[in-house]
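*Asks:* I'd like to ask you about the structure that follows.
There are 2 protein chains.
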Amino acid sequence: MIENVRQVVTTQALYRMPYYIQQLRVLQEQRIETVSAPKIAELLNLNEVQVRKDFAAVYSAKGKPKTGFNVAELLDSMEELLGYNNSDEAVIVGAGSLAHAIMTHEGFQDYGLKIVAAFDTDADRIGTDINGIKILAADKISNLCRRMKIHIGIITVPAYRAQVVCDQLVAGGVLAIWNFAPVHLSVPDHILVQNENLAASLAMLSNHLKQALGAEA
Amino acid sequence: MIENVRQVVTTQALYRMPYYIQQLRVLQEQRIETVSAPKIAELLNLNEVQVRKDFAAVYSAKGKPKTGFNVAELLDSMEELLGYNNSDEAVIVGAGSLAHAIMTHEGFQDYGLKIVAAFDTDADRIGTDINGIKILAADKISNLCRRMKIHIGIITVPAYRAQVVCDQLVAGGVLAIWNFAPVHLSVPDHILVQNENLAASLAMLSNHLKQALGAEA
DNA sequence: TAGATTGTTAATCGATTAACAATC
DNA sequence: TAGATTGTTAATCGATTAACAATC
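Written out as structure tokens, the structure is:
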């Protein structure tokens with residue numbers, strides 16, 4: 001029995017992939033056909049060995065000594081890996097201004113994310129639509145996810161509501177959750193929660209400023 | 218000469234702080250006065266030693282064996298550390314729907330972030346305002362930042378515009394940048410770039426789905 | 001007291017970086 | 001060929017976790 005031995009891509013490497021993709025696209029627009037790891041490392045301010053390892057993890061693409069890597073092939077491999085070609089369907093819960101921004105952001109289609117329904121508890125919002133996506137009553141979450149075989153749920157509700165919503169999504173068979181609420185969500189082991197904690201990012205900014213400005217005092 | 222030897226808080230620990238704060242607030246609402254590290258660890262699905270170390274990094278607060286930590290004191294220390302009490306002023310560049318969501322999100326005020334001006338290149342937007350914040354012409358970035366001593370810049374422009382905007386912010390004396398554009402930004406060493414790369418988050422979701430669903434095949 | 005919990009030192013783990021032989 | 005660049009093995013670094021004595 002042949003195991004699928006494709007090298008596992010680490011979490012950190014996965015985070016870097018979109019930066020490689022973006023940079024490779026720029027190079028492609030400039031009609032540059034090959035690029036070396038040291039060059040990419042310089043452009044993205046990374047270590048060249050790290051770049052080479054990340055590239056190696058993207059299966060098919062192989063580099064040539066002295067020449068480097070084929071830009072187009074590398075780009076294809078990465079886009080394939082990140083699923084930019086096949087679209088995943090998602091629902092979004094909490095139809096506030098953040099949800100609005102996410103739903104109207106055309107870019108996500110390119111990244112293989114397709115939002116097919118939105119949910120809210122606000123009676124005034126239910127029945128309306130944003131960018132062509134219908135807003136439904138929140139009590140229909142589980143049913144709709146199960147019926148439509150939705151695997152991604154996006155949470156943009158207030159913190160105190162997030163766990164309840166999360167449980168409903170999981171009950172509906174969702175396998176991955178993109179959580180914008182600033183709370184820890186408890187989920188079964190096989191479910192991935194990707195936290196987009198803006199409060200945590202602000203903590204970084206604030207801490208840096210304190211250091212930078214405090215140093216003068 | 219006495220050095221400031223306050224234990225440095227690691228990047229990872231800083232990321233966890235908002236979760237501690239959120240959890241501590243919930244406990245406080247329940248009139249719970251003390252809490253142990255193992256309890257918090259259980260609630261947030263973390264290791265108890267890690268929780269204790271994180272708490273230790275927050276200076277003043279000390280735990281008592283058998284009792285644990287004082288919720289109110291711990292909360293105060295953390296909010297102080299993250300600058301929730303003193304407000305940092307920021308400008309936002311790119312007045313699209315994401316900027317709109319950020320500007321109308323009242324929560325950021327509580328986190329100590331105050332957006333005082335927005336910039337755009339679109340003549341139709343310039344002169345209007347969002348949530349009471351005036352939208353100004355993008356060529357005024359450096360001047361305004363310098364004049365108002367703004368230290369935080371938020372970038373929500375398209376990828377191809379981000380580096381130019383970043384340079385203008387840095388020229389205006391900004392020390393920390395919150396970057397929502399999916400590109401690497403080159404900045405001098407003393408400037409912090411906090412990337413909020415939604416494409417990278419999507420990469421995580423997509424990869425997890427591939428694993429979870431692919432395993433069946 | 002006994003035992004839960006703290007704080008700290010030591011061991012482990014994972015990711016990054018350095019060193020180096022292979023190759024075009 | 002010489003030298004830039006690749007791919008890989010070994011060393012380093014930082015963060016997490018385990019082990020354990022101190023304490024209320």
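Just so you know, the sequences run in chain order A and B. Under the working numbering, think of the first position of the first sequence as 1, with each following residue one higher. Under the working numbering, think of the first position of the second sequence as 218, with each following residue one higher. All C-beta atoms in this analysis are idealised placements derived from N, C-alpha and C, irrespective of residue type, glycine included.
(1) Please tell me whether A:Q163 and A:V183 are closer than 8 Å, where the distance is taken between their beta carbons.
(2) Spell out whether any CB of chain B is found under 8 Å from the CB atom of A:A171.
(3) Mapping the DSSP letters down to three states, classify A:T34 as helix, strand or coil.
(4) Looking at C-beta atoms only, is the number of pairs between the region 106-126 of chain A and the region 81-94 of chain A that lie closer than 8 Å three or more?
(5) Give the C-beta separation of A:I155 and A:A181 to the nearest angstrom, bearing in mind that I take them to be a contact with Cβ-Cβ under 8 Å.
(6) Since B:K427 is in the alpha helix (DSSP H), which residue starts that stretch and which ends it?
(7) Could you round the C-beta distance between A:D88 and A:I152 to whole angstroms and report it? I think they count as a contact, below 8 Å.
(8) With DSSP run on the structure shown, which of helix, strand or coil describes B:D346?
(9) Taking DSSP's pairing of strands, which residues face A:L192 in a bridge?
(10) Output, in chain order, the set of chain A residues within a Cβ distance shorter than 7 Å of B:E399.
(11) Would you call the CB atoms of A:A127 and A:C145 closer than 8 Å?
(12) Let me check one thing: in DSSP terms, what residues is B:D337 bridge-paired to?
(13) Is A:E89 helix, strand or coil when you go by DSSP?
(14) Let me know the secondary structure DSSP gives A:L82 once reduced to three states.
(15) Work out the CA separation of A:L213 and B:I347 for me, nearest whole Å.
(16) Pairing CB atoms from the region 70-85 of chain A with CB atoms from the region 13-32 of chain A, are three or more of them under 8 Å?
(17) Would you say the beta carbon of B:K331 is closer than 7 Å to some non-hydrogen atom of the ligand ZN?
(18) Of all Cβ atoms in chain B, is any one closer than 8 Å to the Cβ of A:I2?
(19) Could you tell me the alpha carbon to alpha carbon distance between B:H407 and B:S253, rounded to whole angstroms?
(20) Quick check on the burial criterion: 16 or more other C-beta atoms within 10 angstroms. Buried or exposed for A:E42?
(21) How many Å lie between A:I19 and A:E79 at the Cα?
(22) Exposed or buried, A:S60, counting other C-beta atoms within 10 Å across all chains shown (16 or more means buried)?
(23) Beta carbons nearer than 7 Å to chain A: which residues of the region 346-369 of chain B have them?
(24) Among the residues of its own chain, which have a CB less than 7 Å from the CB of A:G132, if the five just before and after it don't count?
(25) Is there a Cβ of chain B sitting closer than 8 Å to that of A:D88, yes or no?
(26) Given that a residue counts as buried once 16 or more other Cβ atoms are within 10 Å of its Cβ, and exposed if not, what is A:N4?
(27) Return the CA-CA distance between B:V268 and A:V51, expressed in angstroms with no decimal places.
(28) Taking the alpha-carbon positions, what's the A:R16 to A:N195 distance?
(29) Using a Cβ cut-off of 7 Å, pull out every chain A residue sitting near B:T321, in sequence order please.
(30) Please classify A:N45: does DSSP put it in a helix, a strand, or coil?
(31) Please classify A:I32: is it buried, with 16 or more other beta-carbons within 10 angstroms of its beta-carbon, or exposed?
*Replies:* This is what the structure holds:
(1) Yes, these two residues count as a Cβ contact at 8 Å.
(2) Not one chain B Cβ lies under 8 Å of A:A171.
(3) Correct three-state label for A:T34: strand.
(4) Between the region 106-126 of chain A and the region 81-94 of chain A there are three or more inter-stretch CB-CB distances shorter than 8 Å, so the stretches are counted as touching.
(5) Sure, about 6 Å apart at Cβ, within 8 Å.
(6) Unbroken alpha helix (DSSP H) run through B:K427: 415-431.
(7) At roughly 6 Å, the Cβ-Cβ gap stays under 8 Å, so A:D88 and A:I152 are in contact.
(8) In the structure shown, B:D346 sits in a strand (DSSP, three-state: E or B).
(9) In the DSSP assignment, A:L192 forms a beta bridge with A:A176.
(10) What sits at residue 399 of chain B in the sequence shown is Pro, not Glu. By Cβ distance, chain A contributes P18, Q22.
(11) Just to set this straight, residue 127 of chain A is Gly in the shown sequence, not Ala. With a cutoff of 8 Å on beta-carbon distance, A:G127 and A:C145 are scored as not near each other.
(12) The partner list for B:D337 (beta bridge, DSSP) reads B:A354.
(13) When secondary structure is reduced to three states using DSSP, A:E89 falls in the strand class.
(14) Coil, per DSSP.
(15) Distance between the alpha carbons of B:I347 and A:L213 is about 30 Å.
(16) They touch, by the three-pair rule.
(17) No copy of the ligand ZN appears in this structure; indeed no ligand is present at all.
(18) In this prediction, A:I2 has a pLDDT of 29, which is less than 50 and means its spatial position is unreliable; what the coordinates show is noted afterwards. Nearest CB-CB separation between A:I2 and chain B: not below the 8 Å threshold.
(19) Going by the C-alpha atoms only, they are around 38 Å apart.
(20) A:E42 is exposed by the Cβ-count criterion.
(21) As written in the sequence, residue 19 of chain A is Tyr, which differs from the Ile given in the question. Each residue's alpha carbon lies about 12 Å from the other.
(22) It is exposed - the Cβ of A:S60 has fewer than 16 other Cβ atoms within 10 Å.
(23) Taking 7 Å as the Cβ-Cβ cut-off against chain A, the residues of the region 346-369 of chain B that qualify are H368, I369.
(24) There are no such residues.
(25) Closer than 8 Å: yes.
(26) Here A:N4 scores only 34 on pLDDT, less than 50, and its place in the model should not be relied on; the value that follows carries that caveat. Flag for A:N4 reads exposed.
(27) Distance between the alpha carbons of B:V268 and A:V51 is about 33 Å.
(28) Answer to the nearest angstrom: the Cα atoms are 17 Å apart.
(29) Identification of chain A residues near B:T321 by a Cβ-Cβ cut-off of 7 Å yields S97, ordered along the chain.
(30) Coil, per DSSP.
(31) When all chains shown are included, A:I32 counts as exposed.
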